[in-house]
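Colleague: Please read through the structure below; I'll follow up with questions.
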Ligand SMILES: [Fe+2]
Ligand SMILES: [Fe+2]
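In my numbering, the protein residues as written are 117 to 316.
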């Protein structure tokens with residue numbers, strides 16, 4: 117794997133290059149949206165732990181991820197406060213909404229788990245790709261470094277979610293569904309407007 121591809125994590129469609137230029141211009145809105153993403157990431161791991169307490173490996177792997185996501189939330193909040201901003205009201209998360217629409221409903225407990233784990237993996241992969249762009253393009257060195265660190269951390273989470281899926285569901289089934297969801301995610305990205313006030 118080439119170094120430049122190291123943090124694209126199999127995504128089918130790279131982010132529109134216009135995003136990073138406009139994103140830096142609206143760093144306040146990006147940080148607020150980012151804070152909500154970290155909050156949702158922590159809460160999504162907690163939900164999985166609550167829904168699947170009998171799955172020891174899942175509980176073991178995701179418990180420290182909750183703490184990590186929550187520390188990301190805390191650090192984004194610090195970046196906001198440093199600039200004199202607060203969290204503000206939550207916004208509609210169109211990206212996550214559209215992703216949840218392509219998930220399969222029904223099926224047994226393991227099939228539902230697969231959908232949830234892969235959705236989390238997708239969000240981690242896309243966030244990682246966006247953090248990479250922020251790391252490379254943000255002129256504030258401290259903020260750029262912060263996004264580098266987060267990029268590495270979210271890449272680890274992406275690997276955790278895929279590994280957990282393979283722990284409970286046959287690998288072939290996981291990879292087939294993963295490839296299908298990567299296509300769906302690319303189609304969603306393509307439809308979405310390039311916005312300067314959203315992380316996705
Ligand atoms: Fe995070
Ligand atoms: Fe994460």
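C-beta atoms are modelled at their ideal positions from N, C-alpha and C, and glycine is treated no differently.
Which residues mark the beginning and the end of the alpha helix (DSSP H) in which residue 195 is found?
Modeller: It spans 172-198 - the alpha helix (DSSP H) in which residue 195 sits, taken as one unbroken run.
Colleague: Here's a check: name, in chain order, each residue in its chain whose Cβ is nearer than 6 Å to the Cβ of residue 218, leaving out the five neighbours to either side.
Modeller: 300.
Colleague: Using the three-state DSSP reduction, which class does residue 202 fall into: helix, strand or coil?
Modeller: DSSP places residue 202 in coil when its eight states are reduced to three.
Colleague: One question on the structure: do residue 247 and residue 229 come within less than 7 Å of each other, judged by their Cβ atoms?
Modeller: No, they are not a contact pair.
Colleague: Report whether the distance from the Cβ of residue 316 to the nearest heavy atom of ligand 1 is below 6 Å.
Modeller: False, no ligand heavy atom lies under 6 Å from that Cβ.
Colleague: Thinking C-alpha only, which one of 159, 207, 223, 152 is nearest residue 324?
Modeller: Coverage of the chain is limited to positions 117 through 316, which leaves residue 324 absent and any answer about it impossible.
Colleague: Ligand 2 and residue 170: does any heavy atom of the ligand fall closer than 6 Å to the residue's C-beta?
Modeller: Checking every heavy atom of ligand 2 against the Cβ of residue 170, none is found closer than 6 Å.
Colleague: For the stretch 148-167 against the stretch 202-210, are there 3 or more C-beta pairs whose distance is under 8 Å?
Modeller: These segments touch.
Colleague: Tell me whether residue 269 is buried or exposed, calling it buried when 16 or more other Cβ atoms sit within 10 Å of its Cβ.
Modeller: Per the 10 Å Cβ criterion, buried.
Colleague: Looking only at its chain, what residues have a beta carbon closer than 6 Å to the beta carbon of residue 260, apart from the 5 residues adjacent to it on each side?
Modeller: Only 251, 254 meet the Cβ criterion.
Colleague: If you run the structure through DSSP and keep just helix, strand and coil, what is residue 118?
Modeller: Note on residue 118: pLDDT 44, under 50, position unreliable in the model; no value is reported.
Colleague: Can you give the Cα-Cα distance for residue 135 and residue 220, rounded to whole angstroms?
Modeller: Between residue 135 and residue 220, the C-alpha separation is close to 30 Å.
Colleague: Using three-state DSSP, classify residue 225 as helix, strand or coil.
Modeller: Residue state, collapsed to three classes: helix.
Colleague: Quick check: does the Cβ of residue 151 come within less than 6 Å of any heavy atom belonging to ligand 2?
Modeller: No, since every heavy atom of ligand 2 falls outside the 6 Å radius drawn around the Cβ of residue 151.
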